[in-house]
Structures are given as C-alpha cells and as structure tokens.
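Single-structure report; data block below.
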Amino acid sequence: MRRITEWIKDFLYDSIDYIIMIGIIGAVAIIIGWRLDLLFAKEAAELPPSDEIVVESPRDNRDDYVNPEEDDNLDLANSDDNIDNNDENIDENDQVIDENIDENQGQAVEITVVIPPGSLPSKIASILEEHKLISSRAEFVQKTQEMKLDTKLKSGTFKIMSNSSLEEIIRIITK
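The opening position of the sequence shown corresponds to residue 2 in the working numbering, with each subsequent residue numbered one higher.
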C-alpha cells in the first residue's frame, strides 16, 4: 500500500507540469469557444432584416390647431356656399401639396433603424445600406476600423437623419 502511494506521489510530481499545461489549454479552448459563439452569432444572421422605416419630415403645426372658441362661431347658414368654395380650394391644395412634395425631396428626413443584438459591423452595414443611409458596406466597416469604434457598435433603435455623414452615423450608433 505504501508503495502505491509513493508511486502516485512520484507520478504527480513528475507530471504536474503536464497537468497544468492541459488545464491551461482546456481553459483557453473553453474561453475561445465561448467568444467565437458571440462573434459568429448564427441567430443574428438568420434574423430577417427589419423593414421598419419611420420617415418624419419637419413641418409647421401652427395651422393644424383649431381654437375651440373659433370652431363654435362658424356660421352654418351659408354652408352651401362653403361646399362650393371647398371644391375649388381642394384643387388648389392638391397643386400646393404636389409642389411641397417636390421641394421636400432634397430635405433630410429622420429614419428609424433597428439593429438586433449580436450584430457584427458587416450586418449593421447591411442594415444601414438597406435603409439607404450608406452607399457601401465595405466603406462603413473600414471607417469604423479607422475610427477604432468597430468594437463599440451597439444594438437598439436609432433615429438617423438621411443626410448624415458616415462619421455621424457611426457616432450615433456608438453612443
């Protein structure tokens, strides 16, 4: 019995270096496996892209408010005259609306972008490209690496103006 315990002690003493090396290699393998799972998230790649685009254009809302006192003072006796005048006003309003739409084409609109959790810079670039905020995915990824913000990109819902520069978009997503 004593001989067996001495043999076990000798074996452990001689092989403790190898046991520690195997333990370290095992720990490194577990950590790398854990991190690779986050880096190459298959669930995030399989999610369908969100088609949610919210477009808000700035406009003056002062004309939309109707004072209740003014509303009660309307003269209903001449309502037939008002109907004829309204038909003429509708045609004029259609022309004005068409002109305003043409003028607003060059203005910036606010676009809501939803970035799912676990998205890599290339996936975020794809989402931004789908929303027509950037022109090139490769340029976006390269710019994030140049700014050293590629590891700081966040998931969530972001409101981005359509005329924002690449740097502004990256700063919005990294806040």
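Quick reminder that beta carbons are idealized off the backbone N, C-alpha and C, glycines included. Keep in mind it's a predicted model, so treat the numbers as computed, not measured.
- In the DSSP assignment, I128 falls within the alpha helix (DSSP H) that extends over 122 to 131.
- Closest in alpha carbon position to P118, among T145, E131, G157, is G157.
- Judged by DSSP in its simplified three-state form, T6 adopts helix.
- Note: V115 is bridge-paired with T158 in the DSSP secondary-structure output.
- Annotation: the continuous alpha helix (DSSP H) that includes V142 extends over 138 to 147.
- T175 sits in a helix when the DSSP states are folded into three classes.
- Pairing I173 with I161 gives a Cβ-Cβ distance under 8 Å.
- In the structure shown, the three-state DSSP call for S16 is helix.
- DSSP, reduced to helix, strand and coil, places I135 outside both helices and strands of the structure shown, so it counts as coil.
- In this structure, the straight-line span from the alpha carbon of R3 to that of L13 is close to 15 Å.
- Q143 and T175 have their C-alpha atoms some 15 Å from each other.
- The beta carbon of A109 is closer than 7 Å to those of M162, S163, N164 in its chain, skipping five residues each way along the sequence.
- Under a 10 Å Cβ-count criterion, A28 is classified as exposed, with fewer than 16 other Cβ atoms of the shown protein chains found around its own Cβ.
- Beta-carbon to beta-carbon, I135 and A126 are separated by about 7 Å, close enough to satisfy the 8 Å threshold.
- By the Cβ-count criterion, T145 is buried, with 16 or more other Cβ atoms from all chains shown falling within 10 Å of its own Cβ.
- Taking all protein chains in view, the Cβ of S123 is surrounded by fewer than 16 other Cβ atoms within 10 Å, so the residue is classified as exposed.
- In the three-state DSSP reduction, A30 falls in the helix class (H, G or I).
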